[in-house]
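Here the structure is laid out as structure tokens; the discussion comes afterwards.
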Amino acid sequence: MRNNVWLYFILALLLACDQNDEIVDEPTVEVGTLEIHITAEEAFVSGFEVSVSPGQPSKVSTDDGPITYTDLAIGIYEITIENSESGESFSRSVTVTTNNTIRVEFVVVAPSQPIQETPLSLQTLLSDSYAILRSIFDADGYIFYWGDIGTDILRDNPMEDSSAYPFDNYVFDSSNYTINEFWSRHYQAISLLNRGLAALGSGEYDKEEEIDSVEVSGELRFLRALYYFNLVKMFGNPVVVNSYVNNLDIQPVFEQGGLETYELIVDDLQAAISSLPFSYTSNKASRAAAQALLGKVYLQMAGFPLLQTDKYVLAKDQLTPLVGLYQLEENYADVFAISNENANTEVIFTIAYGSSEAANGSNYGVIWGPMGAVKNDRLLLVPDFPEIYLYGDETFDDPVSFPIGLVDRRFEINVATFKREGGMRIDLEERNNWRPFKWNQNLSSVDYDSGGFDFPYLRYADVLLMLAEIENQLNGPTAYALDLINQVRYRAFGPGNGNIESGLSQAGLFELILEERKREFCFEGHRKDDLIRTQRLEMTISDYNMANPQDSRDFQIHEYLWPIPDSEINTNPNVVQNPGY
Numbered sequence: 223m224r225n226n227v228w229l230y231f232i233l234a235l236l237l238a239c240d241q242n243d244e245i246v247d248e249p250t251v252e253v254g255t256l257e258i259h260i261t262a263e264e265a266f267v268s269g270f271e272v273s274v275s276p277g278q279p280s281k282v283s284t285d286d287g288p289i290t291y292t293d294l295a296i297g298i299y300e301i302t303i304e305n306s307e308s309g310e311s312f313s314r315s316v317t318v319t320t321n322n323t324i325r326v327e328f329v330v331v332a333p334s335q336p337i338q339e340t341p342l343s344l345q346t347l348l349s350d351s352y353a354i355l356r357s358i359f360d361a362d363g364y365i366f367y368w369g370d371i372g373t374d375i376l377r378d379n380p381m382e383d384s385s386a387y388p389f390d391n392y393v394f395d396s397s398n399y400t401i402n403e404f405w406s407r408h409y410q411a412i413s414l415l416n417r418g419l420a421a422l423g424s425g426e427y428d429k430e431e432e433i434d435s436v437e438v439s440g441e442l443r444f445l446r447a448l449y450y451f452n453l454v455k456m457f458g459n460p461v462v463v464n465s466y467v468n469n470l471d472i473q474p475v476f477e478q479g480g481l482e483t484y485e486l487i488v489d490d491l492q493a494a495i496s497s498l499p500f501s502y503t504s505n506k507a508s509r510a511a512a513q514a515l516l517g518k519v520y521l522q523m524a525g526f527p528l529l530q531t532d533k534y535v536l537a538k539d540q541l542t543p544l545v546g547l548y549q550l551e552e553n554y555a556d557v558f559a560i561s562n563e564n565a566n567t568e569v570i571f572t573i574a575y576g577s578s579e580a581a582n583g584s585n586y587g588v589i590w591g592p593m594g595a596v597k598n599d600r601l602l603l604v605p606d607f608p609e610i611y612l613y614g615d616e617t618f619d620d621p622v623s624f625p626i627g628l629v630d631r632r633f634e635i636n637v638a639t640f641k642r643e644g645g646m647r648i649d650l651e652e653r654n655n656w657r658p659f660k661w662n663q664n665l666s667s668v669d670y671d672s673g674g675f676d677f678p679y680l681r682y683a684d685v686l687l688m689l690a691e692i693e694n695q696l697n698g699p700t701a702y703a704l705d706l707i708n709q710v711r712y713r714a715f716g717p718g719n720g721n722i723e724s725g726l727s728q729a730g731l732f733e734l735i736l737e738e739r740k741r742e743f744c745f746e747g748h749r750k751d752d753l754i755r756t757q758r759l760e761m762t763i764s765d766y767n768m769a770n771p772q773d774s775r776d777f778q779i780h781e782y783l784w785p786i787p788d789s790e791i792n793t794n795p796n797v798v799q800n801p802g803y
């Protein structure tokens, strides 16, 4: 695999794509635009020669703004930038797509100084690694393209020009822009983390920084494990890169495979657990976060495709010590409230964002919210999704009568049953106009922007429901398994409602736990992973197609994985494509 870190460059926000969501009647022109930003400390840098092949003239960067190539035919281009003083160069491939501006950012680190005078800043490297994590877990990222789309929760809006369409309808291939972008962005972060670990091993880093080298090592390995966990779930057989090579002329041979990837993930998280402090600070790696993530990894390994059922015990060993160390927020809405982020008792690891105006802002709330209150309307609820919140004899009237007042309090947080029009909240009697909600309960903002919503990657409710599933798999529907799930349901239903009593079979409780995860974690990116590891994705899509023949999905069994992207196939002749592609 091509190594993506040059001595003087750290890639920040890789391939930011500006979608044009307006529908026009004119014929589509098969061209795109490439925008190249070369910056240092947020200012543009001059004097770097930039070439784009095939067929584009060379240009030299200035401090006036980015270098732009317009009217490029769609396809893969090689960008090469050269430091005019040192002569060193850095290259990478990007895919230009129709009517989009592909933005590539290079952050320059001391370009005019010899490398020995600019020792590596591990604090900066960690900051850049978290920045890439933010770009991946933005609402228009991993959660949007992988998490709940194409399942029994979310579907693409056919009335919008949405890049989610291929992923909802399973019509993607190895040339898909988003697939290529996700692969590249993850490996860019992994390359940074490998560089940091190599510097710690050699001692070649800035000694003037006040750091705990053991703790930094644990943080780097936690982040590398998280990135690889994404990759192995999405692609199945990633290329395993666990070393740093700073000579771009060397093309080392790396292992490729799901089992090999999981072995690296487990090794990294075990090292992180032994290196990191236990901390209730959720916006950086900690021992608790590493334990929770390792428990989740073991649970995934126990399911499909590895089916290593011995991992249930190992998962339980990691998750059990966390019981009682965190607590559920009293109100479900407070888990996701910006005002409660600093005092949140439930979140174990969060991906933290700043304000919407800042470079590290998030857009949760921009694509998750009621009609008239969001900047686009690209995602719809699967028609029968709201019914999972009905309890006992509850039903929805047709047309719907308000107030609805369901017993399950999560319904009003997760489902927007209204639109925003003229600054007013207007109830919607037609259920097909309801939308995913959760991320913004404040309708006072004119733009309804999400500001800096943090993304709760690991939270205590997940630990409780994972443990309930594991206990049920190991020992059946025990009182302990019931207590774990009832802790989550108590918050949702309140006293006197919702408790699961004894009498369920092991299979019955298993199905109930999966449905509870669907209610609790919708729009948080867990559903597709749950359906794949429990071998229910194909059946779920089949049921969806029967209920929605007008919007049926063209799912093939191999499409539970994404293909290895062209950007890797074209540069690494040893990589093996996933079956079916």
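Numbered per my numbering, the sequence shown spans residues 223 to 803.
Glycine included, every Cβ here is placed at the ideal spot set by N, Cα and C.
Distances from the CA of Asp752 to each of Asp370, Arg325, Ile298, Met381 were compared; the closest alpha carbon is that of Asp370. Rounded to whole angstroms, Ser724 and Thr400 show a C-alpha spacing of 46 Å.
Scanning Ser727, Arg642, Tyr682, Val316 for the CA closest to the CA of Gly546 turns up Tyr682. Comparing alpha-carbon positions, the option among Ile570, Lys429, Asn564 lying closest to Ala510 turns out to be Ile570. Sorting Asp490, Arg653, Asp705 by C-alpha distance to the C-alpha of Asn464 places Asp490 at the top. Put simply, of Ile260, Ala512, Asn416 the residue whose alpha carbon is nearest the alpha carbon of Pro499 is Ala512. In the three-state DSSP reduction, Val488 falls in the helix class (H, G or I). Separation of the CB atoms of Tyr392 and Arg647 is rounded to 36 Å, and the pair is thereby denied contact status at 8 Å.
In this model, Glu327 and Glu271 are separated by some 15 Å (Cα to Cα). Look at Arg600 here: in three-state DSSP terms it is coil, with no helix or strand label. With contacts defined as CB atoms closer than 9 Å, Trp405 and Leu347 fail to qualify as a contacting pair.
Boundaries of the beta strand (DSSP E) harbouring Val272: 270 to 275, taken from the DSSP string. The Cβ atoms of Leu602 and Asp378 sit closer than 9 Å to each other. In this structure Val316 is in contact with Ile324, their Cβ atoms being roughly 6 Å apart against a cut-off of 8 Å. For Thr255, the enclosing beta strand (DSSP E) begins and ends at 253 to 262. Under DSSP, the beta-bridge partners assigned to Arg657 are Ala638. Under the DSSP assignment, Ala690 falls in the alpha helix (DSSP H) whose first and last residues are 682 to 697. With a cutoff of 9 Å on beta-carbon distance, Asn708 and Ile692 are scored as not near each other.
Between Leu731 and Ile433, the alpha-carbon positions lie close to 47 Å from each other. Here Val569 is bridged, per DSSP, to Arg681. By the 16-neighbour rule on beta-carbons within 10 angstroms, Leu529 is exposed.
Per the coordinates, the alpha-carbon of Gly594 lies some 25 Å from the alpha-carbon of Phe389.
Tyr427 and Glu441 have their alpha carbons spaced roughly 16 Å apart. Taking C-beta atoms under 8 Å as the contact rule, Ser396 and Ile791 qualify, at a distance of about 7 Å. Met456 sits buried, since 16 or more C-beta atoms from the chains shown fall within 10 Å of its C-beta. Distance from the CA of Met381 to the CA of Gln772, rounded to the nearest whole angstrom, comes to 14 Å.
For Gly645, the closest C-alpha among the options Asp684, Thr617, Val596 is that of Val596. With a cutoff of 9 Å on beta-carbon distance, Leu445 and Ala353 are scored as not near each other.
A Cβ-Cβ contact shorter than 9 Å links Ile635 with Ala555.
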